[in-house]
Structures are given as structure tokens and as C-alpha cells.
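Same order as they appear, the protein sequences are chains A and B. Mapping the first sequence onto UniProt numbering, position 14 (from 1) lands on 14, and the numbers just tick up by one. Mapping the second sequence onto UniProt numbering, position 171 (from 1) lands on 171, and the numbers just tick up by one. We put the beta carbon where it would ideally sit given N, CA and C, even for glycine.
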Amino acid sequence: MADLIVVLGWIGLYAPMALGAVGSVIGCSIAGQAAIGAMLDTETGHGRYIGVSAMPSSQVIFGIVVMFTLNRTVTLANGAGLFSVGVLAGLALMLSAIYQGQCCAAAIHAAKAKPEIFGLSVVPAAIVEGFAVFSFIFALVISGGIPQT
Amino acid sequence: MINRHFRYTLLMTSLPPQPVDLFSAKILPISRIQLDKRLSLLDADDAADLARIERLLHWSKMQEADDVNIVTHGHAEMALIRSEFLRQIVLWRLELRTLINALRRKHAGEILPLDQPYHGFGDRLQFIRRNWHKSDFGLGQSLPWLKQAWQLLSENKTLELDKLMLELNWKYYARLSLGHTFDFPAVVLYVLRWYVIDRWVSYDADRALLRFNELISAGMADVSLECEERP
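Right, dumping it as C-alpha cells:
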């Protein structure tokens, strides 16, 4: 049981970065495909499509910061805490990146048909990003309460 | 699952937007050649399904046959479409065509022998056969457009009737496309709506040709009169 808790602790340590990266990969690929498709059909505005399609990449950066904040020697005392905070924060980051990618794809699709709504169409993606920021900040705050050894 | 819903993000965003109002369209948003180039992004199974749907629904892709053969072949082809959602779209359109065909035959004065089956698509064939004498085949409650279509047919307003049919198709496809943005059904619905726009735009061409012929006739009439007056 003790070994299992230590293993889970190590998983929790690495989970925010890994899950965040998975989410960013999926989110950026969805939005990136939309950007490339939109570029095939439009003469201008290519830069902003690429800019929007990169939005879901921030989750992996949040994940890296959370991972370094949680980084400590895993013991029986902190294994469960590291696992819980790491995995749950990672899941939140992963899902927010995927859904943000969907929002970005929809924004690109809509802005291609009606360029004047481009600014507004990005707002839902920014709102989704907000939830990733919440989970990032609270993971940082709560990691302070996990024993160092 | 995510991949399934977003398989054709690139394809769908590469297609020009279609108009909200069908009758405001003056030109096709994309030519067939360009559309086919973009559709080359479909995977083999989906491309086969789309070709099947086009063969079932569009006259230019159909082969001439009698009613029985069309229905038998249609059901066999429909069974090969993998998605139930897409099968329902095809069936809806074929049923619409069956009903309009029945209205036209009735308008032409055809008497339907009660001992023979009525060939067509959908669940309403019995209604058509039993209620042949009624202008809406007893389906007016569930399909209110039938009475309107019969009225237009009775008044020989064929263009208005075609516009009614195009509008029915357009609204049906628009409603279905709400839940589909970047998946295969979205691609199919885009192509089907492209056909509707193509049909409507070609009406404008027909009208222009008619007007052109009228002008030519008017111009030629003067010329011939002048020629006749010459000794």
C-alpha cells in the first residue's frame, strides 16, 4: 500500500504537465485545422487565424508550472496529496484545452463568414481559458499545504 | 470520439459560407470543380457514402428506370449508407419526391387502381393509395405544405411550386446542420444545400435566357417587317 501511494504521488507530480500537453495537442490540432481550412478560402487575415489556433497551447505551460510547484521528494505523507492535486489539475487543464480548441475552430469558421465578428467570436475561447487559469492558480495555492517530505 | 466530431474541420472551414436565405443567392458559393477538389479530403468510406447519397437524390447522377426498379434499387443503396442519420435525410427527401410525384399524377388526372400497390418511399404510401381522392391524401395535418403544393399545382404555378419545394429542402437541411459543424454529416448537408442553391441559381439563368429570347424575337420582328416592306 505504501509503495502504491508513492507511485501515485509520482504520477501526480507529472500529471499536470502530461495531461495539459495532451489537451493542448488536441485543442491546437482542432483549431489549427480550422485555421488552415480558412486560409484556403480567404485572401487576408491568415495571421489572426494562426494566432487564435495557438490559444490552447497555454494549458501545457500552466501544467509545467504546477508540476514544478508540486516537485518534491515523494513520501507516504505527501503521495496522496500530490496525486490528487496533480491529476485533478491536469484533467481540468486537458479538458479546457480541448474545449478551447473547439471554441477557436468555431470562432475561425464564423469569422471567415463574417469577419467583423472576429473579436467577439474569440471571447468564448477566452472564457474557457479563464477556467484553466482558475485550476492553475488554485493548484499553486493548495500545493503549499502539501508536506515537503 | 473527439476525432470523430472534428474529422473534417479542415474541409468544412475551407468551404465558402452558404447564404442564410436561399432566394438571396445569385451565384454559387463554390463551383463544382472546386467543391470536388475540397471533397477529395474525405476518406474512402465517407466519399463512397456521399457518392451513394448523390446518386440517390440527384437526377443528373441517376439512371433511368421504372418506378419498381427505382424503389428497389433505392432501398438497396440506402441500406449501404452507414449512418442512420444520413439514411433518414435521404429517406425524407425521397418521400418528399414520392408525395410530389403523387400530386402531379393526380393533377394529370390519373386514376389509381385500388388493387395495385403504389410505388415510392416512406411510410405514407398507404395514405396516398387510400386517400387518392383527397387533395392532401389525408396528410394535411402532419404535412401542411401538401395543400399549398396542390393549390399551386392546380393553378399551374410551377415555378412557385418548385420554390416551395426548394424552401422545404433548404429549411430541413438548415435545421439538421445545427448540430453538425465539422463532421461528415456537416459535409453531406453542405453538398446537399449546394445542390439546392445550384437549382435555384439555374432558375435565374433560365429566366435570363427566356428574357433574352423575348428580346431577340422583339428585335427580329422589327427587322422582318422592314424586310417585308422593301420592294
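Determine, using beta carbons only, whether residue i comes closer than 8 Å to chain B.
i	result
Gly37 (chain A)	yes
Ile30 (chain A)	yes
Ile117 (chain A)	no
Leu40 (chain A)	yes
Gln100 (chain A)	no
Gln59 (chain A)	no
His46 (chain A)	no
Spatial neighbours of residue i within its chain, please: CB distance less than 6 Å, with the 5 preceding and 5 following residues excluded, ordered by chain position.
i	result
residue 292 (chain B)	In this structure chain B extends from 1 to 231, so residue 292 (chain B) is not present and cannot be described.
His180 (chain B)	Ala186
Val128 (chain A)	Ser96, Tyr99, Gln100 and Cys103
Tyr118 (chain B)	Leu125, Ile128 and Arg129
If you measure between the beta carbons of residue i and residue j, is that distance less than 8 Å?
i	j	result
Ser84 (chain A)	Val60 (chain A)	no
Asp43 (chain B)	Leu86 (chain B)	no
Glu160 (chain B)	Leu152 (chain B)	yes
Phe182 (chain B)	Ala54 (chain A)	no
Asp3 (chain A)	Pro16 (chain B)	no
Leu93 (chain A)	Pro147 (chain A)	no
Ala132 (chain A)	Thr13 (chain B)	no
Tyr49 (chain A)	Ile117 (chain A)	no
Ala25 (chain B)	Val201 (chain B)	yes
Gly9 (chain A)	Leu82 (chain A)	yes
Ser134 (chain A)	Phe62 (chain A)	The residue you asked about is not Ser; residue 134 (chain A) is Phe in the sequence shown. Cβ distance not < 8 Å, so Phe134 (chain A) and Phe62 (chain A) don't count as in contact.
Leu76 (chain A)	Ile5 (chain A)	yes
Pro56 (chain A)	Ala21 (chain A)	no
Leu22 (chain B)	Trp132 (chain B)	no
Ile36 (chain A)	Leu10 (chain B)	yes
Leu57 (chain B)	Met78 (chain B)	no
Leu96 (chain B)	Leu168 (chain B)	yes
Ile81 (chain B)	Arg52 (chain B)	yes
Quick one: what's got a C-beta closer than 7 Å to residue i's C-beta in the same chain, skipping five residues either side?
i	result
Gly140 (chain B)	Leu146 and Lys147
Thr73 (chain A)	Thr149
Met39 (chain A)	His46 and Tyr49
Leu19 (chain A)	Gly63, Gly90, Leu91, Leu93 and Met94
Give a yes or no on whether the minimum CB-CB distance between residue i and chain A is below 8 Å.
i	result
Met12 (chain B)	yes
Phe182 (chain B)	yes
Pro185 (chain B)	no
Phe121 (chain B)	no
Phe6 (chain B)	yes
Thr98 (chain B)	no
Who are the Cβ neighbours of residue i in its own chain at under 8 Å, not counting the five residues just before and after it?
i	result
Tyr8 (chain B)	Leu41, Leu42, Phe182, Asp183, Phe184, Ala186 and Val187
Ser83 (chain B)	Asp49, Phe184 and Pro185
Is it the case that the region 26–41 of chain B contacts the region 166–178 of chain B, given that we only count it when at least three CB pairs across the two stretches are under 8 Å?
no
Quick one: which unbroken alpha helix (DSSP H) runs of 4-plus residues sit fully inside the UniProt domain "V-ATPase proteolipid subunit C-like" (11–69) of chain A? Chain order, please.
46–53
Do the region 107–117 of chain A and the region 81–96 of chain A make contact, defined as three or more Cβ pairs closer than 8 Å?
no
Inspect the CB distances between the region 72–88 of chain B and the region 100–111 of chain B and report whether three or more fall short of 8 Å.
no
Go through the region 73–117 of chain B residue by residue and report every complete run of the alpha helix (DSSP H) that reaches 4 residues or more, in order.
84–107
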